[in-house]
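When we follow the UniProt record's numbering, the leftmost residue of the sequence shown carries the number 1, and every step to the right adds one.
Glycine is no exception: its CB is placed at the ideal position from the N, C-alpha and C atoms.
Please read the structure below before turning to the comments.
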Amino acid sequence: MLDRARSLGLLEDYEAAIADLEKARDIAGWQADIALYLASAHRALGELEPALDAALQAVEMDPENPTARLERGNIQMLMGKESLARSDWNAIIERWPSSPAAAAARANLAALGEPEALSPYDPAVDEVVGAPPK
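Written out as structure tokens, the structure reads:
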């Protein structure tokens with residue numbers, strides 16, 4: 001069911017993905033990956049309160065998951081909670097500096113006017129935002 005929900009999310013059928021994720025949660029209970037996927041699907045639909053609730057659950061269940069923290073920060077930014085988002089993004093960069101989540105966090109901070117968040121060349125950023133044209 002979880003694999004199907006992920007596939008539905010990739011197909012941008014977020015309502016169906018949420019339905020499958022909620023069924024999976026009902027069967028297996030809260031799990032960090034279920035919470036993270038729910039957060040992403042709700043965010044994609046603009047349902048920010050349930051997205052944040054799920055992201056908070058994901059981080060609580062797996063505090064060492066930088067992707068869950070990135071999702072929480074992104075949702076907080078969409079909700080106008082910039083200082084909380086920045087805090088999450090900076091924590092990701094500090095704790096998991098070479099992760100794809102850190103590259104995304106650096107890109108987010110750079111987009112907010114903190115170009116120093118990006119090193120002169122960070123190959124991890126290429127994975128997230130695409131390699132620069134040659």
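Distance check for residue j and residue i, CA to CA, integer angstroms please.
i: residue 61; j: residue 4; result: 22 Å
i: residue 19; j: residue 25; result: 10 Å
i: residue 104; j: residue 23; result: 30 Å
i: residue 86; j: residue 55; result: 16 Å
i: residue 42; j: residue 51; result: 5 Å
i: residue 10; j: residue 91; result: 28 Å
i: residue 88; j: residue 6; result: 24 Å
i: residue 47; j: residue 36; result: 14 Å
i: residue 111; j: residue 94; result: 18 Å
i: residue 100; j: residue 12; result: 22 Å
i: residue 2; j: residue 64; result: 21 Å
i: residue 84; j: residue 73; result: 7 Å
i: residue 82; j: residue 32; result: 24 Å
Give me, in chain order, the residues of the same chain whose beta-carbon lies closer than 8 Å to that of residue i; leave out the 5 immediate sequence neighbours on both sides.
i: residue 8; result: 14, 16, 17, 20
i: residue 30; result: 57, 61
i: residue 77; result: 85, 108
Going by beta carbon distance, what residues of the same chain come within less than 6 Å of residue i, once the five residues before and after it are set aside?
i: residue 96; result: 66, 102
Can you say whether residue i is buried or exposed, counting buried as having 16 or more other CB atoms within 10 angstroms of its CB?
i: residue 109; result: buried
i: residue 34; result: buried
i: residue 98; result: exposed
i: residue 138; result: Not covered by the structure: residue 138. The range shown for the chain is 1 to 134.
i: residue 39; result: buried
i: residue 68; result: buried
i: residue 80; result: exposed
i: residue 71; result: buried
i: residue 113; result: exposed
For residue i, which residues in the same chain have their Cβ closer than 7 Å to its Cβ, ignoring the five residues on either side in sequence?
i: residue 44; result: 14
i: residue 75; result: 39, 43, 48, 51, 52, 55
#### Entry: Residue ranges of each beta strand (DSSP E) within the segment 4-38, 3 or longer
none
### Query
What are the complete alpha helix (DSSP H) segments, minimum 4 residues, inside the segment 90-117?
100-111
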